[in-house]
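One structure is given below, encoded as structure tokens.
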Amino acid sequence: MSSQTTRYPGERLFSFLLVVFSIFLLWRAYLISGFSDLSSPGAVPMGASAMMVISACIAFTQTLKQPPVEGGRFFYHCLPMVVGFMMAMVIIYAVLLEQLGFIIASLLFLFITLRTLSQRSALWSLGLAVISLAIIYIIFRLIFQIVLPEGVVPEREILAVVSRLWEDA
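Note that UniProt numbering gives residue 49 to position 49 of the sequence shown, counting from 1, and the numbers run on in steps of one.
Now the structure itself:
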């Protein structure tokens, strides 16, 4: 058991949401085949989610008994600046992905996040971003042949020229 004697900011809400989510999973498991037989397809998911409900209820009641920590601030504890920055960057990346395309949006995302989080030089961040992007591109676009958002870079034409040059050599 935990020896924690105080409740941190957001812990009570998290415990409550865990109970709600566990009940939702139990309901979804029940919808698989009902509770007709122990060998039915929904028996194992129902058993696992029932254990989740019981565990979540125990954790929630223990959390309610604990006094709050003194001087605890919710956003400072639950959403540090780095996490907020990364969430904003992921949202911006998702918005710009279709307009700019995979290559430019990913390069900007990697460069800005590496530069900000590592606090290294711009050249180091750019180099690591380019190398990482090249590896990701080779794996997903060339090996697995996943179509990535093209955006402003004429990717198909460049790949066609490169493949023609490769065939001629």
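Heads up, the beta-carbon is just placed ideally off N, CA and C, and yes, glycines get one too.
State the CB to CB distance for the pair residue i and residue j, rounded to an integer number of angstroms; the pair is presumed to be in contact (CB under 8 angstroms).
i	j	result
Thr61	Glu11	Not quite, the Cβ-Cβ distance comes to about 13 angstroms (not below 8 angstroms), so this is no contact.
Ile54	Gly42	The pair is not a contact, with the Cβ atoms about 18 angstroms apart (cut-off 8 angstroms).
Ile104	Gly151	6 angstroms
Ala56	Val19	4 angstroms
Phe74	Pro9	4 angstroms
Starting from residue i, trace the alpha helix (DSSP H) both ways and give me its first and last residue.
i	result
Val20	11–33
Thr116	102–118
How big is the Cα-Cα spacing for residue i and residue j?
i	j	result
Phe24	Cys78	24 angstroms
Tyr93	Leu17	29 angstroms
Leu26	Ala59	17 angstroms
Arg115	Thr6	37 angstroms
Leu108	Ile138	18 angstroms
Let's test the definition: count the other Cβ atoms within 10 Å of the Cβ of residue i and tell me whether it reaches 16, buried, or not, exposed.
i	result
Ser106	buried
Ser49	buried
Gln142	A small correction: the amino acid at residue 142 is Leu; Gln does not occupy that position in the sequence shown. Looking at its Cβ environment, which holds fewer than 16 other Cβ atoms inside 10 Å, Leu142 is exposed.
Leu159	exposed
Ser40	exposed
Taking the CB atoms as reference points, tell me whether residue i and residue j lie closer together than 8 angstroms.
i	j	result
Leu148	Phe140	yes
Leu110	Ala122	no
Met46	Phe35	yes
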